[in-house]
Structure formats: structure tokens, C-alpha cells
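Protein chains: 4
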Amino acid sequence: MSQLSEIRDAMREFADARDWARFHDPKSLMLALTGEVGELAELLQWLPADEAATLVRDPALNQRVGEELADILLYLVRLADVCDVDLAQAALEKVTAAGTRYPAQEVQGVAPRPRGLT
Amino acid sequence: MSQLSEIRDAMREFADARDWARFHDPKSLMLALTGEVGELAELLQWLPADEAATLVRDPALNQRVGEELADILLYLVRLADVCDVDLAQAALEKVTAAGTRYPAQEVQGVAPRPRGLT
Amino acid sequence: MSQLSEIRDAMREFADARDWARFHDPKSLMLALTGEVGELAELLQWLPADEAATLVRDPALNQRVGEELADILLYLVRLADVCDVDLAQAALEKVTAAGTRYPAQEVQGVAPRPRGLT
Amino acid sequence: MSQLSEIRDAMREFADARDWARFHDPKSLMLALTGEVGELAELLQWLPADEAATLVRDPALNQRVGEELADILLYLVRLADVCDVDLAQAALEKVTAAGTRYPAQEVQGVAPRPRGLT
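Going line by line, the protein sequences match chains G, W, V and R.
Under the numbering used here, the first residue of the first sequence carries the number 1, and numbering increases by one thereafter.
Under the numbering used here, the first residue of the second sequence carries the number 1, and numbering increases by one thereafter.
Under the numbering used here, the first residue of the third sequence carries the number 1, and numbering increases by one thereafter.
Under the numbering used here, the first residue of the fourth sequence carries the number 1, and numbering increases by one thereafter.
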């Protein structure tokens with residue numbers, strides 16, 4: 001189940017068993033993904049920034065955060081599937097591209113600037 | 001690389017090699033995730049809903065959609081890591097829970113209603 | 001209250017009366033805004049696209065949609081305030097800029113293309 | 001132009017002059033709103049949390065933040081319009097409801113807890 005392809009298959013089966021594939025067009029899934037992202041944001045929003053990494057290890061909050069992270073992943077994998085994207089392959093290419101785009105020795109400890117600001 | 005744990009390790013290595021782990025607190029990563037979700041939404045927003053699944057198979061758009069899906073996955077995996085969440089395990093539990101919450105025979109072809117509306 | 005400056009003042013007063021201004025740094029408010037955007041997305045996600053404009057006029061759903069739209073506006077106005085942005089002025093400038101960027105006679109009935117795709 | 005109704009009318013006119021109202025169904029506008037929210041998140045994501053309120057006053061960043069805040073407002077107002085929601089009225093009701101829900105004397109300096117956590 002740790003494989004993205006297994007999650008993809010489980011989501012396919014889940015949707016097909018409920019005749020829900022009809023609802024899973026890209027824009028609807030994109031909104032569902034946005035909804036789950038919002039739920040995760042709500043869990044983190046008022047945490048003091050410098051304590052957040054510690055506070056999310058509290059068992060009750062950690063459980064909730066894990067559930068929302070999982071929901072995001074499930075919709076993400078499903079969206080990739082209906083868009084005919086090989087998510088694992090795309091992720092591999094992106095990690096490689098990021099390594100080239102941000103040479104380690106040039107960006108040591110310097111956060112990327114937003115596009116359009118220098 | 002298709003394993004979530006391998007993506008997690010690649011992101012750790014990427015961040016550590018650049019001394020960027022200092023920027024990767026949960027709230028900052030949550031905002032980065034939100035940023036990537038927005039980029040994907042922009043690719044889909046004006047597509048006619050009933051043609052979207054076909055149009056996203058156009059090679060140029062499919063490439064872009066794949067890149068944004070990948071960006072979301074990378075930040076999602078990284079956020080799970082700094083929150084000490086086992087994302088694969090959480091996803092497995094969520095798929096199982098969804099199967100119980102929505103019995104296939106009861107919800108055939110019926111989209112879930114938003115919470116609070118009956 | 002229809003004036004953005006009145007909403008801004010009401011939000012200031014609300015935060016100050018509760019000693020909540022301490023929580024209203026830009027990144028936290030950005031996450032709160034994201035949370036409300038997610039709640040609105042959840043209300044719309046499974047509506048059939050071509051019936052959505054009609055279905056959101058159903059009184060119960062319309063009430064909920066209105067509440068979420070309002071929540072987004074309140075955090076948006078508050079975020080603009082803590083960022084020292086004159087939101088009404090910025091909106092005016094953006095409408096004017098959009099009119100120049102998309103000449104009416106050139107874009108009749110043609111949706112804008114995502115950046116980077118031609 | 002500071003009135004929400006004036007922004008609404010300007011957006012109507014903008015859409016009608018370009019025959020773009022056909023693209024402005026609720027779900028598409030919701031995705032456009034999500035896209036703009038993502039752009040704002042990207043401007044804030046790597047700012048140190050405790051310096052963000054100061055750093056966003058830098059003229060170049062403040063200009064960019066103002067533009068993204070404005071874009072969000074424009075789509076929000078447009079979305080409210082196509083959903084037949086009186087946004088100013090809804091905002092007024094929400095501010096009033098929030099005042100009742102969070103009595104000032106009971107929540108002094110205490111951030112609200114996420115739903116479902118006690």
C-alpha cells in the first residue's frame with residue numbers, strides 16, 4: 001500500500017464499487033483536493049510557527065494531521081489517475097529538475113525568492 | 001522512487017544539502033503546498049468541465065499538469081515528514097475508513113452531501 | 001458595512017477585544033484564508049458543473065455558500081490590513097489593468113490560456 | 001469603487017464585454033479563486049513568521065501582495081455574484097455571529113482550537 005500505484009488502484013476500486021467515477025472529473029477532484037488542503041490548513045493556522053513542529057507531535061493533533069494529509073494524498077492520486085499522469089514518474093523528474101535548478105552550493109541557507117521579485 | 005518513503009528521503013536529502021530544512025516548518029510547508037495547489041487549479045479552471053478529462057491528455061497540458069501534481073506530492077511528503085506522520089500508513093487507514101463510512105450498496109451513484117446539509 | 005473599510009474596522013475591533021491580534025500574523029491569516037477557501041470548495045465540489053449556478057440558489061445551500069464567502073472576505077480584509085494594503089485601491093487598479101491586458105475585441109468568448117501554454 | 005457592489009458591477013461589465021460570463025460558472029470561479037490564493041501563499045511561504053508583517057511592508061513585496069489580495073477579492077466578488085449572494089450582507093451577519101460565538105471575556109488571548117480537538 002505504500003506504493004502510489006496501489007493507492008491508485010484502491011481509489012479506482014473504491015470509486016467503481018460506488019459508481020462514483022462519474023463524479024470524478026478533473027475539476028471536481030481539484031475542488032475536493034482544495035477542500036482537504038483547507039482542512040489541513042485549519043489544523044495548523046494558529047499554532048505558533050516556531051513550536052508547530054513540536055505541537056504536531058501531540059498524539060491527538062498528530063492523528064488529525066495524519067488523516068488530513070492522507071485525504072490530500074488520496075485525492076491527489078485519484079486526480080493524477082483521471083488525468084492519465086504517472087505521479088511517481090512525474091515526482092522523480094521534478095526532484096531531479098529541482099536539484100539542477102537550485103545548485104546546492106549556490107543556495108546554501110537562502111530561501112528561494114518568489115517569482116518576479118529580485 | 002515510486003515508494004513514498006523514497007520520495008521522503010529524496011526530499012530530506014534535497015533540503016539538507018541546501019540547508020533549507022530551517023525553512024521547512026509545518027506552516028511554511030503548508031503555504032508552499034497551497035501555492036502548488038493553486039498552480040494546478042489555474043491549469044484546470046477554464047476547461048469545460050465535461051471535456052476536461054480529454055483535454056488534460058493533450059501532451060503540452062498533460063506535461064504541465066503532471067509537473068504541478070508532482071510539486072504537490074513533493075511538498076505533501078515533506079510536510080508529512082516534518083509532522084512525523086507515516087503517510088503511506090495514514091492513507092491505508094483512510095481508504096479502509098472510507099469503505100466503512102460509505103457502504104457501496106447504500107451510496108450507489110449518489111455523491112456525498114456537504115457536511116451540515118441534508 | 002458594505003464598505004471594505006468598515007469590515008476592516010470591525011475585524012480590528014473583533015481581534016483587539018479578544019487580544020487575538022497576536023495570532024494575526026500574515027502567514028497564520030493566510031492559512032486561515034486557505035481553510036475557508038477549502039470549506040467553500042467542499043460545498044461546490046460534487047455539483048454538476050452545468051447545474052451549479054442553479055443549485056447554489058437552493059436556500060439551504062445558498063445560506064451555506066454565503067457564510068463561506070463571507071468568511072473568506074473577512075480573513076481577506078484582515079490579511080490586507082495586517083499587510084498594510086489598501087484593498088479597495090488595489091482592486092480598482094487590478095480591474096483597470098485587466099481591462100488593458102485583455103482588450104475586449106481581441107478575446108471575445110475566448111478563455112485565457114494558462115501561463116506557459118500557447 | 002470601495003463598495004463591494006461597485007466591484008461586482010465592474011466585474012460584470014468586464015465579463016460581459018468579453019463574452020466571458022459563459023466561463024464564469026461557480027466551480028470554474030472557485031478554481032480561479034484557488035489559483036489566486038495559491039499565488040498569495042507563494043509570496044508569503046518562506047518569510048520568517050515573526051518578521052512577515054514587517055517584510056510585507058517592503059515596497060516591492062507590498063505591491064505584489066496587494067495585487068494578489070486584489071485578484072482574490074475580484075474573483076470572490078464575482079463568485080458571490082454568480083451564486084446570487086449579497087456578500088456585504090453575508091459579511092455583516094458573519095461578524096455579528098462571530099461576536100456571539102466567541103465572547104470576548106471568555107477567549108482573551110486564547111486562539112480557537114480546531115474543530116474536533118479539545
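Just so it is clear, CB atoms sit at the ideal spot from N, CA and C, and this is done for glycine as well.
- G/Leu55 is the residue among G/Leu55, G/Arg78, G/Arg101 and G/Leu92 whose C-alpha sits nearest the C-alpha of W/Cys83.
- When C-alpha distances from R/Gln105 are compared across V/Trp20, V/Thr100, V/Arg8 and V/Met11, the shortest belongs to V/Trp20.
- In the DSSP secondary-structure assignment, R/Gln3 is bridged to V/Gln3.
- For the options G/Leu61, G/Leu44, G/Glu67 and G/Ala90, the alpha carbon positioned closest to that of W/Thr96 is the one of G/Glu67.
- The beta carbon of W/Thr34 sits closer than 7 angstroms to some beta carbon of chain R.
- Between R/Leu47 and R/Tyr75, the C-beta gap is not smaller than 7 angstroms, which leaves the two residues out of contact.
- Our two residues, V/Val77 and V/Glu6, have alpha carbons roughly 10 angstroms apart in a direct line.
- Against chain W, the CB of G/Pro114 has no partner CB under 7 angstroms away; the residue lies outside that interface.
- Contact between W/Ala60 and V/Leu117 holds: CB atoms are separated by about 6 angstroms, below the 8 angstroms threshold.
- At a cut-off of 7 angstroms, the C-beta of W/Gln105 has no neighbouring C-beta in chain G.
- A distance below 7 angstroms separates the beta carbons of W/Leu69 and G/Val85.
- CA-CA distance, W/Lys27 to G/Ala49, rounds to 6 angstroms.
- As for any beta strand (DSSP E) of minimum length 3 sitting wholly inside the segment 3–63 of chain V, there is none.
- Here the alpha carbons of G/Gln63 and W/Ala88 stand approximately 14 angstroms from one another.
- Boundaries of the alpha helix (DSSP H) around V/Gly99: Leu87 to Arg101.
- For the pair V/Pro114 and W/Glu42, the CB atoms are nearer than the 7 angstroms cut-off.
- At a Cβ-Cβ threshold of 7 angstroms, R/Leu73 and V/Ala10 do not count as neighbours.
- W/Phe14 is the residue among W/Gln45, W/Gln108, W/Gly109 and W/Phe14 whose C-alpha sits nearest the C-alpha of G/Arg101.
- In the structure shown, V/Arg115 adopts coil according to DSSP, grouped into three states.
- Residues of the segment 64–85 of chain V that bring their beta carbon within less than 9 angstroms of a beta carbon in chain W comprise Arg64, in sequence order.
- Classified as exposed, W/Gln3 has fewer than 16 neighbouring CB atoms from the shown chains inside 10 Å of its CB.
- By the criterion of a C-beta distance shorter than 7 angstroms, V/Leu33 is surrounded in its chain by Ile72, Tyr75, Leu76 and Leu79, once the five residues flanking it on both sides are discounted.
- Residue contact with chain G for V/Trp46: present (Cβ-Cβ distance below 7 angstroms to some residue of chain G).
- The Cβ neighbour count for V/Arg18, taken over all protein chains shown within 10 Å, is at least 16; the residue is labelled buried.
- 7 angstroms or more divides the Cβ of W/Gln45 from the Cβ of R/Leu40.
- Judged by DSSP in its simplified three-state form, G/Asp81 adopts helix.
- About 19 angstroms separates the beta carbon of W/Gly99 from that of G/Arg22, a gap too long to meet the 8 angstroms contact definition.
- Shown here, R/Glu106 sits in coil according to DSSP, grouped into three states, outside any helix or strand.
- By the Cβ neighbour-count rule, W/Asp81 is buried, with 16 or more other Cβ atoms within 10 Å of its own.
- Straight-line measurement puts the Cα of V/Val65 at about 9 angstroms from the Cα of V/Arg57.
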